[in-house]
Structures are given as structure tokens and as C-alpha cells.
Amino acid sequence: MRKAVTLAAFALILAAALLMGACGSESQPAQVVSATVGSPSLGEYSLVLDKPSIPAGKTRFQVRNEGLIDHDFIVMETNLPPNGLKIIANKVDIPASGREVGRTIVILAGREQSVTVNLKPGKYVVTCNIDGHYQEGAYTTLEVTRAS
Ligand SMILES: [Cu+2]
246 MRKAVTLAAF
256 ALILAAALLM
266 GACGSESQPA
276 QVVSATVGSP
286 SLGEYSLVLD
296 KPSIPAGKTR
306 FQVRNEGLID
316 HDFIVMETNL
326 PPNGLKIIAN
336 KVDIPASGRE
346 VGRTIVILAG
356 REQSVTVNLK
366 PGKYVVTCNI
376 DGHYQEGAYT
386 TLEVTRAS
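First residue of the sequence shown: 246, per the working numbering; consecutive thereafter.
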């Protein structure tokens with residue numbers, strides 16, 4: 246009996262500790278944006294987000310490559326028009342085009358990766374930067390608004 250009470254008390258303390266951890270500022274949950282590159286319906290060189298506009302803050306991009314070839318995913322803050330990024334050696338010249346805030350490594354066909362970034366309000370372009378893919382249309386815009 247005494248042992249059961251001790252166990253119950255221990256479980257309560259553990260639950261309280263877990264709850265406190267979950268509410269701590271360091272474990273602030275990220276909002277999630279789903280990205281699809283190489284969608285079969287939109288084409289191998291398509292990149293779409295499930296939301297065109299999100300509030301500022303910690304954001305996890307969950308990127309799925311539904312194509313038949315490799316792709317990657319770069320998040321860049323830029324005031325250039327999305328179809329007007331600078332090109333060097335058949336790829337987007339990231340430093341000349343804006344400020345990179347995050348990227349995945351190469352995502353193999355059929356695989357998924359995530360990248361978590363802290364986004365400030367502004368205009369962003371997300372693009373695949375495998376040779377020639379941006380020029381084929383594998384990019385889209387993201388607007389980040391002030392968090393309410
Ligand atoms: Cu690509």
C-alpha cells in the first residue's frame with residue numbers, strides 16, 4: 246500500500262515536470278508549413294506551400310519531394326520579384342538575391358526533410374536550387390506578417 250502511494254506521488258511529480266517543460270519558453274512550438282516539390286499533378290519543377298502567408302516566428306517547413314528526381318529547398322528573404330532572382334552558374338545566386346535563412350540538404354525523390362527557422366516579417370522566396378530548377382519554375386513566395 247505504502248509503495249503504491251509513493252509510486253502515485255512520483256508519477257504526479259513526473260507529470261508536473263513534463264507539463265512545466267512543455268510550457269517553457271525554450272520549447273516554444275513551431276508553426277508548421279508543408280511544402281511539396283515535384284508534385285505529380287503540378288510538374289517535376291513545381292514548389293508549393295500550403296500557406297502563402299504566415300505570422301512571424303519559429304516555423305518548421307516540412308518538405309516532401311513527390312518528384313522523380315532530387316530536389317532541395319532554400320528559404321530566402323528578398324525584395325526581388327520571385328521570378329527575378331539573380332543567376333550564377335545555372336543556379337540562383339543566393340547572396341546576390343537576398344538573405345538565406347535556412348535550407349535542407351538534397352532531398353531524394355520520394356523523401357521528406359524538415360528545416361526550422363525563425364522568420365521575421367518580410368517577403369520571402371522559397372526555391373529549389375538544383376541546377377536549372379529555379380529557371381524551370383521550382384519556387385514560390387511566402388509573406389511573413391507581424392505576429393499578432
Ligand atoms: Cu528541384
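Ideal Cβ placement from N, Cα and C applies to all residues, glycine included. Nothing here was measured: the structure is a model prediction, and the numbers come from that model.
Provide the residue(s) that pair with K368 in DSSP beta bridges, ordered along the chain. E388
Whole runs of the alpha helix (DSSP H) within the region 320-379, excluding any shorter than 4 residues: 339-342
If you compare alpha carbons, which of T349, G288, A275, L387 is closest to Y369? L387
heavy atom of ligand 1 below 6 Å from A334 C-beta: no
Mind checking if G283 is an interface residue toward chain C, Cβ cutoff 7 Å exclusive? You won't find chain C in this structure, because it holds only one protein chain.
Nearest-angstrom Cα separation, counted from P366 out to I299: 9 Å
L292, enclosing beta strand (DSSP E) - first and last residue: 292-294
At a cut of 8 Å, does the region 314-327 reach the region 347-364 through at least three beta carbon pairs? yes
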